[in-house]
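S.K.: Sharing a structure with you now.
Residue numbers (the UniProt record's numbering): 1 to 540.
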């Protein structure tokens with residue numbers, strides 16, 4: 001009995017310590033302390049609920065759901081258990097499951113205005129989801145939005161309700177008809193009129209395709225013709241720094257040209273770094289534009305002599321995601337070998353709908369761009385291999401052994417990420433300290449140990465795995481006996497985590513990783529998640 005009382009007392013001490021650490025935003029440390037409290041007293045619902053809250057802060061939604069469910073099992077009347085589980089379901093985009101939990105919270109706390117507000121927002125989200133599902137065209141009938149856009153027709157004098165082509169054709173026919181009526185006795189004149197009309201038509205079409213001027217009042221960066229130059233990119237960067245927008249005509253051009261370049265690539269891209277040259281790998285940027293520019297300050301702009309790989313999660317959460325993606329895409333247009341881009345789990349409709357990119361694009365551009373970016377994200381490669389030695393992927397490895405790089409190369413990636421399989425695991429999985437495999441703390445993908453990493457490298461004659469996907473206090477972490485490095489390039493993530501950012505420079509031929517860390521820089525007073533789903537912002 002005394003021992004039991006002592007354990008309960010010690011557990012409470014651990015909980016209080018964990019609460020202090022949590023308030024200092026040291027969420028991983030808080031999880032460890034809550035775990036120690038649970039080991040001493042496993043029948044306290046509060047401990048599981050608090051640990052679920054810490055998991056939520058680290059976006060470990062799968063673990064949060066497990067802990068919240070355990071809290072509910074211990075005390076079915078504990079409303080915070082349902083509240084935490086609902087928030088975790090929301091983080092995964094599972095609005096219908098979240099709705100059930102918030103309905104239960106409202107039932108248990110009918111006079112709680114906060115519970116009422118969250119339930120109403122959740123109901124709105126579910127209704128919107130049902131509406132979108134109802135009006136969505138079947139996959140087989142969906143047409144490419146990119147193929148319906150001609151960026152050259154966007155600009156000065158394009159506001160008429162009559163298309164340029166129709167107007168040109170009408171004028172041409174009128175000229176020909178007038179000529180025939182005036183000189184109908186001469187067959188020669190008719191022939192001449194037809195020839196002149198055709199020349200007029202061809203010339204007018206040429207003019208319409210090359211008259212690419214935009215509105216005279218536009219003072220921002222301009223692309224001359226079809227070529228994206230370094231001067232244009234520098235001007236665009238300067239405009240973005242000053243919170244100016246890029247003209248839609250040039251935004252369309254950049255995104256469409258990037259799509260064309262990405263479509264031609266395999267799902268796994270081989271990168272060759274010549275001896276004596278270097279190559280830089282960056283992790284998640286998450287819409288933190290001014291931190292992206294700081295990377296370029298520290299390490300130089302992308303070029304053929306200074307190439308980069310950005311390893312996914314360019315967008316969402318940070319409120320300058322559009323500026324980030326247009327800058328990266330512009331460098332890709334300028335020089336395809338200067339920058340490589342990999343898909344992350346946030347380059348997807350489901351994540352963009354919740355975490356801000358969709359709302360930001362709709363606010364700064366329009367709905368057409370929302371669809372266009374979703375389409376282009378499906379063209380991003382899933383992984384890269386540097387000099388046949390370093391495997392770079394956003395998330396991690398697989399639920400089965402024996403996966404070869406040739407299997408990854410042959411994945412049909414031109415779709416939204418599935419909820420299981422190789423593509424899902426490449427985007428979502430995380431390393432774990434224990435050997436073997438375990439359930440994902442995120443609720444998608446899996447966790448894999450050092451033995452899994454070692455076998456994958458041996459089977460593919462590789463030396464190292466580099467991945468991103470996780471916030472790290474120092475901006476990076478070396479795990480699995482030095483065979484796996486996590487790199488994360490968004491310092492002070494969401495303006496609240498206090499972490500550093502990092503990037504890795506590899507020098508050929510030895511490809512020894514040189515890790516550079518950096519701190520966050522100031523940005524304009526636009527909060528993270530400013531464009532996110534209303535419901536999600538309530539929990540941020």
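Ideal placement from N, C-alpha and C gives every residue a C-beta, glycine not left out.
Run the CB neighbour count on residue 25, radius 10 Å, all protein chains shown included, and call it buried at 16 or more, exposed below.
M.R.: It counts as exposed.
S.K.: Check whether the Cβ atoms of residue 402 and residue 429 sit closer than 7 angstroms, and answer yes or no.
M.R.: No, they are not a contact pair.
S.K.: The beta strand (DSSP E) with residue 447 in it runs from where to where?
M.R.: Here the beta strand (DSSP E) through residue 447 covers 446-448.
S.K.: Start and end of the beta strand (DSSP E) containing residue 341?
M.R.: Where residue 341 is concerned, the enclosing beta strand (DSSP E) stretches over 339-341.
S.K.: Does the Cβ-Cβ distance between residue 289 and residue 323 come in under 7 angstroms?
M.R.: Contact flag set, yes.
S.K.: For residue 467, which residues does DSSP report across the bridge?
M.R.: Paired residues: 486.
S.K.: Under the DSSP definition of a beta bridge, which residues are partnered with residue 515?
M.R.: Looking at the DSSP assignment, residue 515 forms a beta bridge with 504.
S.K.: Identify which residue in 375, 148, 97, 113 has its Cα closest to the Cα of residue 126.
M.R.: It is 97 whose Cα lies nearest to the Cα of residue 126.
S.K.: What residue does the beta strand (DSSP E) around residue 62 start on, and which one ends it?
M.R.: It is not in any beta strand (DSSP E) - residue 62 instead sits in the alpha helix (DSSP H) that spans 61-74.
S.K.: Compare the beta carbon distance of residue 146 and residue 375 with 7 angstroms and say whether it is the shorter of the two.
M.R.: Contact: yes.
S.K.: Taking the alpha carbon of residue 378 as the point to measure from, which residue in 307, 42, 297, 349 has its own alpha carbon closest?
M.R.: Of the listed residues, the one whose Cα sits closest to residue 378 is 349.
S.K.: Around the C-beta of residue 276, are 16 or more other C-beta atoms found within 10 angstroms, so that it is buried, or is it exposed?
M.R.: Flag for residue 276 reads exposed.
S.K.: Check whether the Cβ atoms of residue 333 and residue 254 lie closer than 7 angstroms to each other.
M.R.: Yes.
S.K.: Would you tell me roughly how many angstroms separate the C-alpha atoms of residue 438 and residue 28, rounded to the nearest one?
M.R.: If I take the Cα positions, the gap works out to 18 angstroms.
S.K.: Going along the chain, which residues of its own chain have a beta-carbon closer than 8 angstroms to the beta-carbon of residue 251, five neighbours each way excluded?
M.R.: So the list reads 326, 365, 369, once near-sequence residues are dropped.
S.K.: Grab me the residues of residue 54's own chain with a C-beta within less than 7 angstroms of its C-beta, minus the 5 sequence neighbours each way, in chain order.
M.R.: Contacts found: 22, 27, 30, 31, 34.
S.K.: Please identify the residue among 423, 416, 391, 44 whose C-alpha is closest to the C-alpha of residue 400.
M.R.: Measuring from the Cα of residue 400, the nearest candidate turns out to be 423.
S.K.: What number of angstroms, rounded off, separates the C-alpha of residue 504 from the C-alpha of residue 477?
M.R.: Each residue's Cα considered, the two are about 11 angstroms apart.
S.K.: Can you tell me whether DSSP reads residue 205 as helix, strand or coil?
M.R.: In this prediction, residue 205 has a pLDDT of 47, which is less than 50 and means its spatial position is unreliable; what the coordinates show is noted afterwards. Reduced to three states, the DSSP call for residue 205 is helix.
S.K.: What are the residues that DSSP puts in a beta bridge with residue 459?
M.R.: The partner list for residue 459 (beta bridge, DSSP) is empty, contrary to what the question assumes.
S.K.: Where DSSP assigns a beta bridge to residue 479, which residues make up the other side?
M.R.: Paired residue(s): 484.
S.K.: Would the beta-carbon of residue 488 fall within 7 angstroms of that of residue 284?
M.R.: Yes, these two residues count as a Cβ contact at 7 angstroms.
S.K.: For the alpha helix (DSSP H) holding residue 101, just list the boundary residues, first then last.
M.R.: Where residue 101 is concerned, the enclosing alpha helix (DSSP H) stretches over 95-108.
S.K.: Write down the C-beta distance between residue 557 and residue 45 rounded to the nearest angstrom, noting that I regard them as a contact closer than 8 angstroms.
M.R.: Any answer about residue 557 is impossible in this case: the structure gives the chain only from 1 up to 540.
S.K.: From the DSSP output, read off the bridge partner residues of residue 309.
M.R.: Answer is 281, 340.
S.K.: Is the CB-CB distance between residue 359 and residue 83 below 7 angstroms?
M.R.: No; because the gap between Cβ atoms is not below 7 angstroms, this pair is not in contact.
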